[in-house]
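Colleague: Protein chains in written order, with my numbering: chain A, 25 to 404; chain B, 8 to 163.
A virtual CB, placed ideally from N, CA and C, is assigned to each residue, including glycine.
Input: one structure, supplied below.
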Amino acid sequence: MADRVAICSAGQTKYSPDRCDVREGDLAYEAIRQVLDETGLTLSDVDSAVTTSQDFWDGRTISSMNIQAVVGAHLSHEDKVAEDGLNAVFAATAQILSGHVDVVLVVSHMKESQAEKALIENAAMEATYLRELGLDFLSTAALQAKRYMYKYGITAEQCAKVAVQNRANAKNNPLAQAPMDITVEDVLSSKILSTPIRALDAKPVSDGACAMILTSGKRAKKITKKPVYVMGISNCYEAHSPGERELADCNALTIAANKAYKMAGIKNPLKDIDVVELSEEYSYQQLMWLEGLGFCGKGEGGAFMDSGRTKMGGKIPVNPSGGMLSGKPNQVSGLAAAAECVLQIRGQAGDRQVKGAKVGLAHGMTGMCGQHQCVMILGK
Amino acid sequence: MSQVTIKLEDKEIYVYEGQIYIPNKYAAGTIGSKVLINIRDKKKLLGMRCPECNKVYFPARQTCVECFGLLDEYVEVSDKGTVMTYTMCNESTIAQPVDTPIYAVIQLDGADTGFVHMLGGVEPEKISIGMRVKALFREKEDRRGSVLDIRYFKPL
Ligand SMILES: [Zn+2]
Numbered sequence: 025m026a027d028r029v030a031i032c033s034a035g036q037t038k039y040s041p042d043r044c045d046v047r048e049g050d051l052a053y054e055a056i057r058q059v060l061d062e063t064g065l066t067l068s069d070v071d072s073a074v075t076t077s078q079d080f081w082d083g084r085t086i087s088s089m090n091i092q093a094v095v096g097a098h099l100s101h102e103d104k105v106a107e108d109g110l111n112a113v114f115a116a117t118a119q120i121l122s123g124h125v126d127v128v129l130v131v132s133h134m135k136e137s138q139a140e141k142a143l144i145e146n147a148a149m150e151a152t153y154l155r156e157l158g159l160d161f162l163s164t165a166a167l168q169a170k171r172y173m174y175k176y177g178i179t180a181e182q183c184a185k186v187a188v189q190n191r192a193n194a195k196n197n198p199l200a201q202a203p204m205d206i207t208v209e210d211v212l213s214s215k216i217l218s219t220p221i222r223a224l225d226a227k228p229v230s231d232g233a234c235a236m237i238l239t240s241g242k243r244a245k246k247i248t249k250k251p252v253y254v255m256g257i258s259n260c261y262e263a264h265s266p267g268e269r270e271l272a273d274c275n276a277l278t279i280a281a282n283k284a285y286k287m288a289g290i291k292n293p294l295k296d297i298d299v300v301e302l303s304e305e306y307s308y309q310q311l312m313w314l315e316g317l318g319f320c321g322k323g324e325g326g327a328f329m330d331s332g333r334t335k336m337g338g339k340i341p342v343n344p345s346g347g348m349l350s351g352k353p354n355q356v357s358g359l360a361a362a363a364e365c366v367l368q369i370r371g372q373a374g375d376r377q378v379k380g381a382k383v384g385l386a387h388g389m390t391g392m393c394g395q396h397q398c399v400m401i402l403g404k
Numbered sequence: 008m009s010q011v012t013i014k015l016e017d018k019e020i021y022v023y024e025g026q027i028y029i030p031n032k033y034a035a036g037t038i039g040s041k042v043l044i045n046i047r048d049k050k051k052l053l054g055m056r057c058p059e060c061n062k063v064y065f066p067a068r069q070t071c072v073e074c075f076g077l078l079d080e081y082v083e084v085s086d087k088g089t090v091m092t093y094t095m096c097n098e099s100t101i102a103q104p105v106d107t108p109i110y111a112v113i114q115l116d117g118a119d120t121g122f123v124h125m126l127g128g129v130e131p132e133k134i135s136i137g138m139r140v141k142a143l144f145r146e147k148e149d150r151r152g153s154v155l156d157i158r159y160f161k162p163l
């Protein structure tokens with residue numbers, strides 16, 4: 025990258041199944057307050073706000089109006105990213121590298137509890153051939169899971185292990201919505217949603233917000249003693265229809281990751297990265313994403329899980345926060361993944377601290393079957 | 008608007024149910040119209056071949072995602088194909104055309120892309136990847152120029 029871009033502060037709300045006590049702006053405020061307090065900045069110090077929300081989920085067109093008052097966007101600069109929050113970090117990074125903007129506030133909010141998930145996802149489908157079938161992201165994910173498990177011999181037990189491990193990790197995260205002591209048997213006996221996906225393979229409905237302050241590397245030194253740098257970031261998306269791509273592979277993720285790795289000078293992800301925070305709505309996706317990111321080969325995600333390397337204390341701990349399966353909203357998840365990496369790299373992750381974490385990988389996705397993928401490398 | 012009041016600890020929280028009602032029109036385009044009209048009138052499935060990559064898309068489409076070529080070579084693909092993946096929904100949503108649909112990606116003979124549709128007329132436990140299936144069209148008077156003019160795919 026032309027210059028360094030730093031994250032000066034990251035804040036998150038506690039994730040909750042239903043924050044009916046707050047409006048969207050009030051929810052975002054809880055996260056924004058944290059980053060302003062930590063940096064000592066005020067909204068008038070913020071040159072630009074990049075927000076991320078989706079109109080259908082907010083039940084309002086131009087959904088960023090819901091949080092206008094709390095991001096300082098009144099008579100000021102604001103852009104909205106309608107994809108996962110990690111893409112807002114990408115936009116903020118580009119703004120800072122332009123040299124015209126020095127301090128950017130990134131905010132992502134979501135109240136999944138207020139919306140009809142299956143209908144919104146159905147409305148995301150191509151209108152002529154897919155929407156009338158009534159498809160949503162659950163049924164299409166199930167098509168992907170089945171194809172993936174068939175092609176590579178991935179077992180339901182291996183997917184269930186992901187569900188168990190993430191809920192266990194969440195026990196050390198005070199912001200997690202749904203830490204759980206569950207077993208593989210619990211997952212395999214939970215209700216079927218759409219074969220082969222069961223209730224405990226899926227994320228719960230979640231409300232929450234995440235905020236971040238990014239600045240130029242130079243400015244960061246005046247704001248914080250612990251800047252965390254954006255070392256590399258990229259995104260990639262692939263064909264929309266589940267019929268127009270090999271569902272068992274996530275080639276878009278590999279392309280996004282390789283671009284981010286190149287920017288960050290990562291040659292061997294398994295060796296060069298210390299901690300990973302992924303966004304997965306369903307357990308099988310974690311195995312696929314690990315393959316796509318190059319931590320193991322295609323079809324090896326199940327065996328990689330079995331090897332224990334993704335556990336806390338393992339070679340490459342995945343989702344110390346508990347991830348989306350422990351309750352994190354869509355849209356917020358990728359930004360929250362970056363926020364967790366910030367805590368880990370600063371050594372502020374409490375009971376879930378990955379010892380000596382210097383380089384983190386944050387991942388966010390948007391759309392059905394991981395159609396749009398964003399990858400960021402963070403470091404000291 | 009209907010409303011509910013939720014008691015949250017010591018607070019009363021007012022939550023009301025709203026709905027945004029926005030009708031919309033969706034043009035199927037020249038090519039999409041031809042595909043849908045051929046299904047409706049002739050039970051024919053029209054794909055499109057890219058002369059550069061030789062790839063056959065079904066349903067027919069205007070541009071090739073591989074080479075960005077503008078396409079105009081219609082080819083008829085078979086109403087028979089192979090199940091590439093499937094899922095049985097356990098709960099219904101109001102968007103779904105039938106209760107607890109069985110969705111599948113089907114590679115039709117003569118097409119290089121998968122077609123997403125439903126399976127029917129089969130015991131769920133007898134479905135497998137690789138299974139051969141054939142389109143079951145609705146009766147002529149019930150066909151209205153929609154992907155749902157195919158009721159489902161059934162085992163051959
Ligand atoms: Zn072509």
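(1) Please report the distance separating the alpha-carbon of residue 83 of chain A from that of residue 59 of chain B.
(2) For ligand 1, enumerate in chain order all residues having a CB closer than 7 Å to any of its heavy atoms.
(3) Is there at least one non-hydrogen atom of ligand 3 closer than 6 Å to the beta-carbon of residue 367 of chain A?
(4) Is the CB-CB distance between residue 328 of chain A and residue 314 of chain A below 7 Å?
(5) Given a cut-off of 7 Å, decide if residue 133 of chain A and residue 34 of chain A are closer than it, judged by their beta-carbon atoms.
(6) Going straight from the alpha carbon of residue 118 of chain A to that of residue 388 of chain A, what length do you get?
(7) Give me the chain B residues within the contact set of residue 353 of chain A, using Cβ-Cβ distance strictly less than 9 Å, ordered along the chain.
(8) Candidates A:174, A:221 and A:377: which alpha carbon is nearest residue 342 of chain A's?
(9) Name the two residues that bound the continuous beta strand (DSSP E) containing residue 135 of chain A.
(10) Please go through the same chain and pick out, in chain order, the residues whose beta-carbon is closer than 6 Å to the beta-carbon of residue 339 of chain A, but skip the five residues on each side of it.
(11) With distances taken Cα to Cα, identify the nearest neighbour of residue 204 of chain A among A:191, A:252 and A:76.
(12) Decide if the stretch 77 to 90 of chain B is in contact with the stretch 125 to 143 of chain B; the criterion is three or more beta carbon pairs, one per stretch, under 8 Å apart.
(13) Could you round the C-beta distance between residue 189 of chain A and residue 311 of chain A to whole angstroms and report it? I think they count as a contact, below 8 Å.
(14) For residue 262 of chain A and residue 391 of chain A, I'd like the C-alpha separation in whole angstroms.
(15) Taking residue 96 of chain B as the query, report the chain A residues whose CB atoms sit under 7 Å from its CB, ordered along the chain.
(16) Using a beta-carbon distance cut-off of less than 8 Å, what residues from the stretch 127 to 143 of chain B approach chain A?
(17) For chain A, check one thing: does any of its Cβ atoms lie closer than 7 Å to the Cβ of residue 39 of chain B?
(18) Relative to the C-alpha of residue 109 of chain B, which residue among A:163, A:99 and A:51 is closest?
(19) Which residues of chain B have a Cβ atom closer than 9 Å to the Cβ of residue 21 of chain A, listed in chain order?
(20) Mind checking if residue 266 of chain A is an interface residue toward chain B, Cβ cutoff 7 Å exclusive?
(21) Would you say residue 77 of chain B lies against chain A (beta-carbon separation less than 7 Å)?
(22) Tell me whether residue 101 of chain B is buried or exposed, calling it buried when 16 or more other Cβ atoms sit within 10 Å of its Cβ.
(23) Taking Cβ-Cβ distances below 9 Å as the criterion, which residues of the stretch 49 to 65 of chain B are in contact with chain A?
(24) State yes or no: is the beta carbon of residue 103 of chain B nearer than 7 Å to at least one beta carbon in chain A?
(25) Restricting to runs no shorter than 4 residues, where is the alpha helix (DSSP H) found entirely within the stretch 164 to 227 of chain A?
(26) Once DSSP output is grouped into helix, strand and coil, what is the label at residue 54 of chain A?
(27) According to the Cβ coordinates, are residue 348 of chain A and residue 303 of chain A closer than 7 Å?
(28) Residue 208 of chain A: which of A:300, A:228 and A:184 sits nearest, CA to CA?
(29) Flag residue 22 of chain B as yes if its beta-carbon sits less than 7 Å from any beta-carbon of chain A, otherwise no.
(30) Let me see if you follow: with CB-CB separation under 7 Å, is residue 90 of chain A close to chain B or not?
(31) Do we get a CB-CB distance below 7 Å when we pair residue 88 of chain B with the residues of chain A?
Modeller: On the basis of the coordinates in this document:
(1) 44 Å
(2) B:57, B:59, B:60, B:62, B:71, B:73, B:74 and B:76
(3) As far as ligands go, the structure on display features ligand 1 and does not contain ligand 3.
(4) Yes, these two residues count as a Cβ contact at 7 Å.
(5) no
(6) 18 Å
(7) Chain B residues near residue 353 of chain A: none, gap ~18 Å exceeds 9 Å.
(8) A:377
(9) Note, residue 135 of chain A: beta strand (DSSP E), 127 to 135.
(10) 333
(11) A:191
(12) yes
(13) Contact flag wrong, Cβ pair sits at about 11 Å.
(14) Residue 262 of chain A and residue 391 of chain A have their C-alpha atoms spaced approximately 10 Å apart.
(15) 163 and 218
(16) 136
(17) yes
(18) A:163
(19) As shown, chain A starts at 25 and ends at 404. That puts residue 21 of chain A outside it, with no answer to give.
(20) Under the Cβ distance rule, residue 266 of chain A counts among the residues neighbouring chain B, one pair being separated by less than 7 Å.
(21) Not one chain A Cβ lies under 7 Å of residue 77 of chain B.
(22) Here residue 101 of chain B is exposed, its C-beta having fewer than 16 other C-beta atoms within 10 Å.
(23) 64 and 65
(24) yes
(25) If we require 4 residues or more, the alpha helix (DSSP H) runs fully inside the stretch 164 to 227 of chain A come out as 180 to 193 and 208 to 212.
(26) Helix at residue 54 of chain A.
(27) Yes, the pair counts as a contact, with Cβ atoms nearer than the cut-off.
(28) A:184
(29) yes
(30) no
(31) no
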